[in-house]
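Report on one structure; see the data block that follows.
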Amino acid sequence: IDVFLARSLLEKLYLFQYPIRPASMTYDDVTHLSAKIKPKQQKVELEMAIDTLNPNYCRSKGEQIALNVDGTCTDETSTYSSKLMDKQTFCSSQAASNVSRYAAAVYKKGELHLTPLHGILQLRPSFTYLDKADAKHREREAANEGGDSSQDEAEDDVKQITVRFSRPETEQARQRRVQSYEFLQKRQAEEHWVHLHYYGLKDSRSEHERQYLFSQGHGLAENTELIKSPSEYLMMLMPPSVEEENDKPMAPSNVLSMAQLRTLPLADQIKILMKNVKVMPFANLMSLLGSGTDSTAVLRCIQQVAMLVQGNWVVKSDVLYPKDTSSPHSGVPAEVLCRGRDFVMWKFTQDRWVVRKEVAAVTKLCPEDVKDFLEHMSVARINKGWEFMLPYDEDFVKKHPDIVQRQHMLWMGIRAKLEKVYNLLKEHLTPKKQEAQSAHPLLVSGEQRVNMAKAKVKQNYGQLEKEFQKQKVEMKSNDTSAKMDVSNICIKEEPVSDEEPMDTSAYEGMNNGIVNGLHAEEDSTDSLNGHLPGGCIDRVAQELKAFVSSTFKKQFVLTLSELKRLFNLHLASLPPGHTLFSGISDKMLQDTVLDTGCKQILVPFPPQTAASPDELKVYALWEAGDTYDQHRQVLLEIFSKNYRVRRNVIQNQLSQECGEDLNKQEVDRVLK
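Residues -10 to 661 (the working numbering) make up the sequence shown, in order.
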């Protein structure tokens, strides 16, 4: 079949899709009463006649609609002059935004003639007459209300008018206005309607126009578009759709499909995968990258974004915490977070198990940050600690000894940096002796663990006692200049718990029951297991008192929970080996607060409160030495009777007790 391209009706041919017609309506030259079009918007409005004599037409309903729209009187503005709904309006909407791929075809004598469509319009019933009926109803109601009011009430009151001059419109404001819905509606309404005349199917004008659907010249020179190779011809008929790509819904910024991922360079693919997964064996990484990926190139790229831990790849800390970012929990800068996470990763290169208390004590970071580090690469086990989440990958270690050696050298450099920053002890650098690793760890009962701990205590007690006596002699000889390393003098044998094994290593002995420098138990009064020399105790008390005094002069009122949080942040800013790292108990902290002129305010919180006990303990500075001491004391006494008080009650109480009337600014200052 020869195919011809007809050009006579190019950019003039539209396809109208009429709705399924009711039995009382036919689409012909009689029923088309009027038609008009807005060419730029490709919007058409047709007025169609309804056969009111058809037995399927409901006459009473038609009369009711006409009465609602036009009312009782008929004039030139009436929509239905016959007092009957005898016509209906149809408005068009675009069925497709891009119709360049559609054409109308006519087949005649073995020839197929194609004419491209300029638009496809779907016609739907318009119900603007209902809006007109509502408007008439509101007018009648307004007229009735206006007739009932008197002449005096009808007169408008004189009102003051404020004149304002509009500011000059900025470029951004103009762009927003141009893109607004109201502006677009206004632009569409400004285009004038072009009235059309409808010609029926059998009309002579229709017969004449229909001939333009055939190509006027059959010469090959006029149809050069069709002199193409088969592949080019198919490409012209079905070009790649740009519209479909634009209409794809946007995925969240942190979501990337595997199809999109494989369009990126190899280095970016590996970085995105490692950033999302965090820990991965090399075999799994190769399977995600797809078949045909060069393993040598992958190994070269993976070393830029990850470190080798127990034969598996763990994403680097600086990839997760880029420069100039901070912790969402504590606000600690990225550099400090990277150091803490590197310490956790390095610990896992030495052992399959890590204790969170030890990490928190060394890094001085808040528990939430430490928990994030551990959750990235390990799983919590009850009464054991945190275990590395993946088994040791022996296959990778055997296949790539050069990579393993290079990674070992990198870890040696990281270890040297960590030793300098954290002042690590020998106990932290040497991994604990454990039995050979197996897929199923040996289960040890609680009683066996207690016996093992007791035996270890007896074994190490003599050595620790000798070290303590030696340090005691050295301190007495040079008490003023010697700096005490409090982490090496843990001597006292603590009672062994039945719930968990007790480790008597020097560092863990210091941090037994301590979270970021604070004892978890309120009753613990002995710092450093009870062995802290008198001169060191005095320095600790002075440092602690200075911190509490400066904190309350800034805050005035603090809960114990908030005070402990501020103290932990203060500890994180101190250099390693500072005297405050000796371990401060809750009782010692509370005693220091009371010694610095503060009082505990017994606020009667409701019994159903979800606050913790530390949040219910409220301390306040009783005398700050300023003019508002008396007002502050009255206010604290008020809150000791009720945890929620109205402002006017506070102001009245302050005026009565202080004998003076305070203005709003002064009351605000006291409340603040």
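Just so you know, even glycine gets a beta-carbon here, dropped at the ideal spot from N, CA and C.
On a predicted model such as this, the values are computed, not experimentally measured, just so you know.
Is it a yes or a no for the segment 396 to 410 touching the segment 331 to 347, going by three-plus beta-carbon pairs under 8 Å?
yes
Test item: CB-CB of Val287 and Leu274 under 8 Å:
yes
Looking at Gly329 and Leu309, is the spacing between their C-beta atoms short of 8 Å?
no
With respect to the alpha helix (DSSP H) encompassing Ala24, which residues constitute its N-terminal and C-terminal limits?
Careful: Ala24 lies outside any alpha helix (DSSP H), inside the beta strand (DSSP E) at His21 to Lys27.
Measuring alpha carbon to alpha carbon, tell me which of Ile39, Asp615, Asn440 and Ala609 ends up nearest Met662.
What is shown of the chain runs -10 to 661, which leaves residue 662 out entirely.
When the Cα of Thr78 is compared with those of Ala85, Tyr69 and Ser86, which residue comes out closest?
Tyr69
Using a Cβ-Cβ cut-off of 7 Å (strictly less than) and excluding sequence neighbours within five positions of Ala609, which residues of its own chain qualify?
Phe545, Val546, Cys587, Lys588, Ile590 and Leu625
Ends of the alpha helix (DSSP H) at Trp400?
Pro390 to Tyr411
Report the partner residues of Gln6 according to the DSSP bridge assignment.
Gln111
Segment contact flag, the segment 106 to 114 with the segment 80 to 88, C-beta cutoff 8 Å, min 3 pairs:
yes
Are there 16 or more other CB atoms within 10 angstroms of the CB of Gly498, so buried, or fewer, so exposed?
The pLDDT assigned to Gly498 is 36, lower than 50, so where the model puts this residue is not dependable; a value taken from the coordinates is nonetheless given after this. Buried.
From His389 to Val348, what does the alpha carbon distance come to, in whole angstroms?
31 Å
Where does Ile590 sit, in a helix, a strand or coil, going by DSSP?
strand
Ala55 lies in the alpha helix (DSSP H); which residues open and close that run?
Arg48 to Asp59
Is His620 helix, strand or coil when you go by DSSP?
helix
If we call anything under 8 Å between Cβ atoms a contact, is Lys264 one with Val304?
yes
Under three-state DSSP, which class holds Ser139?
Any reading at Ser139 needs caution, since the residue's pLDDT is 48, under 50, leaving its predicted position unreliable; the model's value is listed next. Looking at Ser139 - three-state DSSP - the assignment turns out to be coil, as it is neither helix nor strand.
Find out if the Cβ-Cβ distance for the pair Ser550, Ser629 is shorter than 8 Å.
no
Using CA coordinates, which residue listed in Val592, Asp580, Leu583 and Glu532 is at the minimum distance from His567?
Glu532
Hey, Leu112 and Phe(-7): beta-carbon distance below 8 Å or not?
no
Could you check what DSSP says for Cys290 in three-state terms: helix, strand or coil?
helix
On the CB-based measure, 16 or more other CB atoms within 10 Å of its CB, does Met491 come out buried or exposed?
Summary for Met491: the model assigns pLDDT 38, below 50, so the residue's position carries little reliability, and this model does not support an answer.
What residues in its chain sit with their C-beta under 7 Å from that of Tyr118, if we drop five residues either side in the sequence?
Val58 and Thr68
How would you call Gly300, buried or exposed, if buried means at least 16 neighbouring beta carbons within 10 angstroms?
buried
Looking only at its chain, what residues have a beta carbon closer than 7 Å to the beta carbon of Gly60, apart from the 5 residues adjacent to it on each side?
Lys125
What residue does the beta strand (DSSP E) around Val95 start on, and which one ends it?
Ala92 to Lys97
Smallest Cα separation from Ser729: which of Ala535, Ala530, Pro596 and Asp615?
Lying before the first or after the last residue shown, residue 729 is absent from the chain, which here runs from -10 to 661.
Report the residue from Trp302, Pro28, Glu655 and Lys443 whose alpha carbon sits nearest the alpha carbon of Lys271.
A small fix is needed here, since residue 271 is Phe in this sequence, not Lys. Selected option, being the one with the closest Cα: Trp302.
Please classify Lys443: does DSSP put it in a helix, a strand, or coil?
helix
Where do the N-terminal and C-terminal ends of the beta strand (DSSP E) with Tyr608 fall, by residue?
Val607 to Leu610
Gln161 to Ser169, Cα distance in whole Å?
12 Å
Taking all protein chains shown into account, decide if Leu(-1) is buried (16 or more other Cβ within 10 angstroms of its Cβ) or exposed.
exposed
I'd like the span of the beta strand (DSSP E) that includes Val368, first residue to last.
Ser367 to Arg370
In terms of DSSP beta bridges, what is Met37 paired with?
His21 and Gln77
For Asp650 and Ser155, I'd like the C-alpha separation in whole angstroms.
45 Å
Residue range of the unbroken alpha helix (DSSP H) whose run includes Asn641:
Arg636 to Cys647
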